[in-house]
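Here's the structure, in structure tokens; my notes come after.
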Amino acid sequence: MPNYLFIESRGSPRDTFGCTTASALARGGASVVLLLVQNAALAARHGAHAPQLDEAAAAGVALLADEFALRERGIARERLRPGVEPAPIDVVIDRLVDGWHVIWH
Amino acid sequence: MTSTRPQLAFALMDPPFESARTTTAFRLLAAAAQRGCDLKVFAYEGAVLLPFAKQQAHPNAVHGRSLEEENHPLPKDIVAALIAEAARHGGSLDWINCGLCVDERGAGEAIVGVRRGSPSDFWQMAQNACNTLVIPTRG
Chain A
1 MPNYLFIESR GSPRDTFGCT TASALARGGA SVVLLLVQNA ALAARHGAHA PQLDEAAAAG
61 VALLADEFAL RERGIARERL RPGVEPAPID VVIDRLVDGW HVIWH
Chain B
1 MTSTRPQLAF ALMDPPFESA RTTTAFRLLA AAAQRGCDLK VFAYEGAVLL PFAKQQAHPN
61 AVHGRSLEEE NHPLPKDIVA ALIAEAARHG GSLDWINCGL CVDERGAGEA IVGVRRGSPS
121 DFWQMAQNAC NTLVIPTRG
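Structure representation (structure tokens):
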């Protein structure tokens, strides 16, 4: 089963393609990571309306948020929603080198 | 002799000064360059203007700032710095601009280190690379 890293950069909860696809792949048994970058990092805040992230987490998708995007937006680690971990952008390079499918839609 | 350094291919499409995606793309390239990767970048559509040599910094009269105070970052300088950074870490950054996209935009004057090519170059890059990331124009 291939491994997948989805990069989500849009902030709107209506943009669910990445989360929906990531969730479906995770439910199918793949290892799936979703990285929130740019304005998508706003959804990582505790209390932000982002049901697609709750769905993804419930499906087994690992949720990461770009540390730089969090700092840019003044979002401290303790303000993150449960299940979201900050990560350096290097995680994308790690996964590319490891042969993961990296998808920025 | 074949290189054992990871070779990664990237496709960029956004023009300069427009999108946070370009900033993220530059950060990704910097992270890979610092690991000594061999990087292949195919710039398509507006992204061919990222290394355009005639970009100019400017003062900001509205805010009363001089050229130096404004310290306007130019994508062409970032591209040059990425090429140098890759070399400094034992890797490389080969940047190819889509030729048709260049002609459409009159963007023929690129900085040193940038080549002209075609989408078939991107296909070749993807064939040879251990992985490829396409950065879309929306998001």
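These protein sequence lines map, in sequence, to chains A and B.
Throughout the first sequence, residue numbering follows the numbering used here, covering 1 to 105 in sequence.
Throughout the second sequence, residue numbering follows the numbering used here, covering 1 to 139 in sequence.
For every residue, glycine included, the Cβ atom is placed at its ideal position computed from N, Cα and C.
Quick caveat: nothing in here was measured; it's all calculated off a predicted structure.
Query, Result
"Roughly how many angstroms lie between the CA atoms of Gly80(A) and Arg115(B), to the nearest whole one?", "Position check: residue 80(A) holds Leu in this sequence, whereas Gly was assumed. Roughly 43 Å separates the two Cα atoms."
"For Thr22(B), collect the residues of the same chain with a Cβ closer than 6 Å to its Cβ; drop the 5 residues on either side in sequence, then sort them by chain order.", "Asp14"
"Are Leu39(B) and Ala32(B) touching if we call contact CB-CB under 7 Å?", "yes"
"Just mark Asp98(A) as buried or exposed, buried being the case when its beta carbon has 16 or more other beta carbons within 10 Å.", "exposed"
"Pick out whichever of Arg88(B), Cys101(B) and Val79(B) has its Cα sitting closest to the Cα of Val41(B).", "Val79(B)"
"Relative to the alpha-carbon of Leu29(B), which residue among Val91(A), Trp100(A), Ala50(A) and His101(A) has its alpha-carbon at the smallest distance?", "Val91(A)"
"Against chain A, with Cβ distances strictly below 7 Å, would Arg27(B) count as a contact?", "yes"
"Is DSSP giving Pro51(B) helix, strand or coil here?", "coil"
"Residues in its own chain within less than 8 Å of Tyr44(B) by CB, not counting five upstream and five downstream?", "Ala11, Leu12, Met13, Cys98, Cys101, Pro119 and Phe122"
"Is it true that the CB of Pro75(B) sits closer than 7 Å to the CB of Leu50(B)?", "yes"
"For Glu109(B) versus Ala53(B), is the C-beta spacing smaller than 7 Å?", "yes"
"Let me know the secondary structure DSSP gives Thr16(A) once reduced to three states.", "coil"
"Mapping DSSP to helix, strand and coil, what is Ala50(A)?", "coil"
"Can you give me the Cβ contacts of Ala62(A) inside the same chain, cut-off strictly under 6 Å, excluding the 5 residues immediately before and after it?", "Val33"
"Sorted by chain position, which residues of the same chain lie with C-beta nearer than 7 Å to Arg105(B)'s C-beta, five sequence neighbours on each side aside?", "Val48 and Leu49"
"Please list, in chain order, all residues of the same chain as Ala40(A) whose beta carbon is under 7 Å from its beta carbon, the five residues on each side excluded.", "Glu8, Ser9, Arg10 and Gly11"
"May I ask which residues mark the beginning and end of the beta strand (DSSP E) holding Trp100(A)?", "First-last for Trp100(A): undefined, no H or E at that position."
"What are the residues that DSSP puts in a beta bridge with Cys98(B)?", "Gly117(B)"
"Hey, Arg27(B) and Phe68(A) are a contact pair by Cβ (cut 8 Å); roughly how many whole angstroms apart?", "7 Å"
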